[in-house]
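Everything on this sheet refers to the single structure shown next.
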Ligand code: PMP
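Numbering (the working numbering), first residue to last: 638 to 1048.
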């Protein structure tokens, strides 16, 4: 059996911090990285022979769990025909059609290879379209690892759910602000729901000052319902960024929106954007299969799935955890919508980054390491979301609740 300690030491020689993405270091929970060998359904297995019920699901990517048979079958068929052409293929148009039908605000689309590429390209497009060069963003929302979102000279930042700050900052600086970018359901400070009228209010202000409203639905896209968060909250952005789910487990990103804006992208316009792997046939085929499977049964899709099933299962898990917390006098707030949820060890409502930060992180770490030992893998940070897939079973939920119950008794 391979020793994880040795794998970590070797990886450290080549990768800063031993990983290729910081959250995989498990530093936020005071632990060490895991090395995943395989995944099937709701479970993953590590190189040191351990098995976990996975609630991270590749950070919200895998709606049908690991190694879904139908996705694998479609990908295998395409693999035999080539893995990357660098030219146009018919699957790009097929996936685009499916996405644009599901999300009508996306009149035109461009595929890219990651969420970061999608948000960065959308913001660049907004800059060029408006002739302005600043972003308004919300503390605790994450839009990818790009200097656009890290260098303070590029943006104004205000608390999530704070419409009055949005209004006053925009009133003062609208001549500089090209776009407002927001996660309609925040997923990068734990799950945080938009308060009533927050998103609709942003739409009204953006219209008034001709600012482009960008919904970063990299996590939200196809997550809580087929039409994504914008259809659930009935607010239409000008541009939408997607990633994760639409690639069926392969690297992907996409941005799209109003034709009038999207036409500025090269080669039809002069905003240059390009990518060797964009629209990669393997990713497109996996994405098409995923979206086909997600198309709800009421729309007559032969293999359609009902979101209600996983949304109810998630609610059931969260309600049971809340009951166990009550029984054991553990202060906990669970934010849940659809199949995404997060646990905060706190008494107060969590509505923005400041309130998320007031949770008891030490308690979370203790909880995390204990539940991990019992074979349950939540996302390894108290500022991340957890996800349920169609592959999670009632048995997974029961086991999780039972382990949570034991641990709450010891916290
Ligand atoms: N936007 C949001 C809302 C995200 O959650 C993420 C990543 N989790 C990104 C953008 C960046 O996506 P990627 O990691 O694929 O670059």
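Cβ coordinates follow ideal geometry from the N, Cα and C atoms, glycine included.
Assign residue i to one of three DSSP states: helix, strand, or coil.
i, result
"residue 872", "coil"
"residue 792", "strand"
"residue 973", "strand"
"residue 1003", "helix"
"residue 712", "helix"
"residue 983", "coil"
"residue 1048", "coil"
"residue 739", "helix"
"residue 917", "coil"
"residue 773", "strand"
"residue 995", "coil"
"residue 760", "helix"
"residue 810", "helix"
"residue 703", "strand"
"residue 1019", "coil"
"residue 925", "helix"
"residue 967", "coil"
"residue 639", "coil"
"residue 990", "helix"
"residue 799", "coil"
"residue 933", "coil"
"residue 943", "coil"
"residue 718", "coil"
"residue 955", "helix"
"residue 656", "coil"
"residue 731", "helix"
"residue 779", "coil"
"residue 697", "helix"
"residue 744", "coil"
"residue 1029", "coil"
"residue 725", "coil"
"residue 785", "helix"
Rounded to a whole number of angstroms, what is the C-alpha to C-alpha distance between residue i and residue j?
i, j, result
"residue 914", "residue 929", "23 Å"
"residue 867", "residue 873", "6 Å"
"residue 647", "residue 663", "17 Å"
"residue 1036", "residue 953", "13 Å"
"residue 671", "residue 847", "47 Å"
"residue 982", "residue 749", "37 Å"
"residue 919", "residue 725", "13 Å"
"residue 840", "residue 819", "11 Å"
"residue 891", "residue 736", "10 Å"
"residue 996", "residue 960", "19 Å"
"residue 641", "residue 684", "7 Å"
"residue 680", "residue 799", "39 Å"
"residue 833", "residue 774", "19 Å"
"residue 829", "residue 1020", "10 Å"
"residue 803", "residue 706", "46 Å"
"residue 782", "residue 753", "6 Å"
"residue 863", "residue 650", "43 Å"
"residue 1010", "residue 688", "10 Å"
"residue 870", "residue 823", "13 Å"
"residue 1034", "residue 719", "40 Å"
"residue 856", "residue 923", "17 Å"
"residue 965", "residue 979", "19 Å"
Within 10 angstroms of its Cβ, does residue i collect 16 or more other Cβ (buried), or is it exposed?
i, result
"residue 759", "buried"
"residue 636", "Nothing about residue 636 can be read from this structure; the chain reaches only from 638 to 1048."
"residue 789", "exposed"
"residue 991", "exposed"
"residue 896", "exposed"
"residue 787", "exposed"
"residue 903", "exposed"
"residue 768", "exposed"
"residue 1114", "Only positions 638 to 1048 of the chain appear in this structure, which leaves residue 1114 out of reach."
"residue 853", "buried"
"residue 836", "buried"
"residue 985", "exposed"
"residue 1014", "buried"
"residue 976", "buried"
"residue 1057", "With the chain running from 638 to 1048 in the structure shown, residue 1057 is simply not present."
"residue 911", "exposed"
"residue 958", "buried"
"residue 881", "buried"
"residue 927", "buried"
Let me check one thing: in DSSP terms, what residues is residue i bridge-paired to?
i, result
"residue 1082", "Here the chain has residues from 638 to 1048 only, and residue 1082 is not among them."
"residue 825", "Answer is none; residue 825 lacks a bridge partner."
"residue 816", "772 and 849"
"residue 661", "Note: residue 661 sits in no beta bridge, so no partner."
"residue 1024", "977"
"residue 749", "890"
"residue 673", "683"
Next on the checklist: List, from N- to C-terminal side, the beta strand (DSSP E) runs of 3 residues or more that fit wholly inside the region 833–914.
Outcome noted: 849–853, 876–880 and 890–894, all fully within the region 833–914.
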